[in-house]
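What follows is a set of notes on a single structure, which appears directly below.
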Amino acid sequence: MSSSKTPSSTLTPPALKPLKLNSSGLGKAAKPTTSKPGTSKLTPPKLNFALSGSKPTGSSKLATPKLSFSLGGEATKPVLKTDVKPTTWSPATTSLVLVKRELETHDSLSFTFAAADQTLFDFKPGQFVTLAVDIDDKTHYRAYSISSVPQQKQLRLTIKRVPDGLVSNWLADNLAIGDNLSALNIAGQFNSSDCQHKAKLLLVSAGCGITPVMSIAKTLLAQDSDADIEFLHCARDKDNVIFHAEMQTLIAQHSNFKVQLLLENSDAFASFSSEKNSTALAHQTGMVSKDVIQQLYSDLQDRTIFLCGPVGFMKAVENIAQESDFDMANFFQESFTPAADNKQQDDLSLDASKVSAASTASVMLYVPDFALEKEVAQGSSLLELLENNGVPIIGACRAGVCGSCKCKVTSGEVKSTSSETLTAAEIEQGFVLACSSTVEGDVTVALS
Ligand code: FES
C-alpha cells in the first residue's frame, strides 16, 4: 500500500540494521502505555526494516504454545509441544512462497504463503506484514494485515482490490501458486498480545477491516481461551462478507464465539433470511448506531473493544463508545486498514511526480550519505522527496503507523503529523517519520 523507488544501483546504501521479528506470548496481555483515551497508544515496538542482503541476528525465542492450523475454515486447535523449538521465520533471508489462493468475495482474496525454509511465522494477532512487490522493474512496498494465527508454517494475508490500486490489483491478477514474494517485516501495535484486554471482548469490523480482527478471534479461540467473544461485522450485503463460511465454522465449534452481521442492503438481508442454511450468521440490516450497539451488547461496559475498518466507520464507533460512557482505556483501534485503503499510495506509485508542493518557496534538502543536494518546494512531503531522488527509503504504510520510513533530521526543520512508532529518545535524537513530515526549511537528513 505504498510505493518506493527501487534503490538506485549507483548509490551506496547505508548500513541497515538487522531485522528483528516480534515474539509474543499468545493472548498474554502486556500493559499498554495508553496516554490518549480512544486510541491504542502503546509503547511502540522497535522495528528495524532491512533491504535484502542484510543479515538477521535477532532470532526470537518462541514463548508461545504451538498451534495446529488448517486452512479452509477448519478448526484451529492448540497442540502443545514444549519439547520442540522451531526456528522463527526471518523475512530478511527467506522469501514467501504462495501455496494457496482463495476468493473471499468478488473483490477480495486470501493468499496463503509458506516460508521457503518451512519455519514458523511469528507475529502478534492483529499485526501486518510489509511486502515488496516488483512490478515493471519497480519495487512497491505495501503493508497487509495477517488473517491467520501465529506459530504456523503458513501465513495468510487477505487483500481487497482497490479501484485503480496498482499493487492490490496486480497481486489479485498475477500472483500464482509457487510465486515468490519478499517480505520486510511484521509489525503493528493493534494486536491482542500488547493490548491488555478483558475476558469479554467485542470485536468490531467493517469491510476488509475484518482481517486483523479475525486473526485475533481465531488465535483466542485456538487457545481454548475462556474469552467471551462477540464479533460485530458490518458489510454492504451478504455477498461482501469476508470469511463468512469460516465464521460459520467457528461458531459451530466454539460456544464462546458469537457473530452478528450488520448489512446495509436490506434486499440482501431478505434473501439472506430465506436461505435454508441453519448455520446462517445472525444478521440484521442497518448501519452501526448507538441504538444497535446498546441493543446487541447490554454488557458493553464489561468488554474490551477491538475495532478495525474504514476511517469514517471507526470514528462513528468511537463516538458511540464515548457517548455510551465506555471506558476508552479498553478501546483499541487500528488507525488504518493496510489492505484496503491503499488507493492513495497506489496513486502515488503510479505518478511519482505527484509531490505535494504546498508552497512556491524553495528550501534545500541535503542527504549527505547519497550525495543529494537539491532545491525543493517548501512544504513538500519528505518521503516523496527522498523517493523521487533515489534515496532507498521504504514507505510501507504511508500513514505514520508502521515505522518503515524512519529517518533522522540532523539539522533543519520539518513539520511532523505523526511520531507513532518513535520512542521519546528517538524523537529527541531527531528521528522523524518521513511519510508524515514536510520540509519547512533547509534540512539535512540521514537514514540512520
Ligand atoms: S511509511 Fe509507515 S510510518 Fe511512514
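Quick note on numbering: this note's numbering labels position 156 of the sequence shown as 139, and the sequence is numbered without any gaps. Glycine included, each C-beta is placed from N, C-alpha and C at the ideal position.
Can you tell me the Cα-Cα spacing of residue i and residue j, whole angstroms?
| i | j | result |
| --- | --- | --- |
| L365 | A417 | 5 angstroms |
| S272 | N248 | 16 angstroms |
| I303 | M297 | 10 angstroms |
| V415 | Q231 | 44 angstroms |
| M347 | V397 | 12 angstroms |
| Y349 | K83 | 46 angstroms |
| S106 | N371 | As written in the sequence, residue 106 is Phe, which differs from the Ser given in the question. Roughly 32 angstroms between the two C-alpha positions. |
| P375 | S387 | 11 angstroms |
| K357 | A170 | 33 angstroms |
| D100 | T77 | 7 angstroms |
| F289 | F314 | 6 angstroms |
| D222 | Y127 | 22 angstroms |
| F94 | N157 | 12 angstroms |
| K121 | Q135 | 31 angstroms |
| L103 | I234 | 27 angstroms |
| H123 | D147 | 15 angstroms |
| A379 | E403 | 14 angstroms |
| W153 | D119 | 11 angstroms |
| T268 | V275 | 10 angstroms |
| I377 | E229 | 34 angstroms |
| A344 | A408 | 32 angstroms |
| V224 | F173 | 22 angstroms |
| L114 | G373 | 20 angstroms |
| L215 | T287 | 13 angstroms |
| A210 | L283 | 15 angstroms |
If you count every other CB in all the chains shown that lies within 10 Å of the CB of residue i, and 16 or more means buried, which is it?
| i | result |
| --- | --- |
| I410 | exposed |
| H180 | buried |
| Q446 | Residue coverage of the chain in this structure runs from -16 to 431, which leaves residue 446 outside it and unanswerable. |
| Q412 | exposed |
| M270 | exposed |
| Q316 | buried |
| H89 | exposed |
| G424 | exposed |
| F163 | As written in the sequence, residue 163 is Asn, which differs from the Phe given in the question. Burial call: exposed. |
| P108 | buried |
| V300 | buried |
| T194 | buried |
| S176 | buried |
| S419 | buried |
| S238 | exposed |
| S281 | exposed |
| A265 | exposed |
| Q137 | buried |
| A382 | buried |
Looking at residue i: is its Cβ nearer than 8 angstroms to the Cβ of residue j?
| i | j | result |
| --- | --- | --- |
| D310 | L430 | no |
| K201 | V132 | yes |
| R139 | A155 | no |
| L405 | K389 | yes |
| L245 | C217 | yes |
| G292 | G190 | yes |
| S394 | T421 | no |
| E87 | F226 | yes |
| I160 | L92 | no |
| F240 | I199 | no |
Go ahead and pull the three-state DSSP assignment for residue i.
| i | result |
| --- | --- |
| L430 | coil |
| D220 | coil |
| M347 | strand |
| C418 | helix |
| E423 | strand |
| C191 | helix |
| G295 | helix |
| S151 | helix |
| H237 | coil |
| F173 | coil |
| Q305 | helix |
| P69 | Residue placement at P69 is flagged as unreliable, the pLDDT there being 49, under the threshold of 50; the coordinate-derived value follows with that caveat. In this structure, P69 counts as coil in the three-state DSSP scheme. |
| I288 | strand |
| N436 | Outside the modelled stretch of the chain, which goes from -16 to 431, sits residue 436, for which no answer is possible. |
| H227 | helix |
| F353 | helix |
| T202 | helix |
My guess is that residue i and residue j are in contact by the Cβ rule of under 8 angstroms, so how many angstroms apart are they, rounded?
| i | j | result |
| --- | --- | --- |
| S307 | Q278 | That pair is no contact at about 12 angstroms. |
| S130 | T141 | 4 angstroms |
| S188 | V196 | 4 angstroms |
| V449 | A166 | Past the boundaries of the shown model lies residue 449; the chain is included only from -16 to 431, so the question cannot be answered. |
Establish whether the CB of residue i and some CB of chain C are separated by less than 8 angstroms.
| i | result |
| --- | --- |
| Q267 | No chain C is present in this structure, which holds just one protein chain. |
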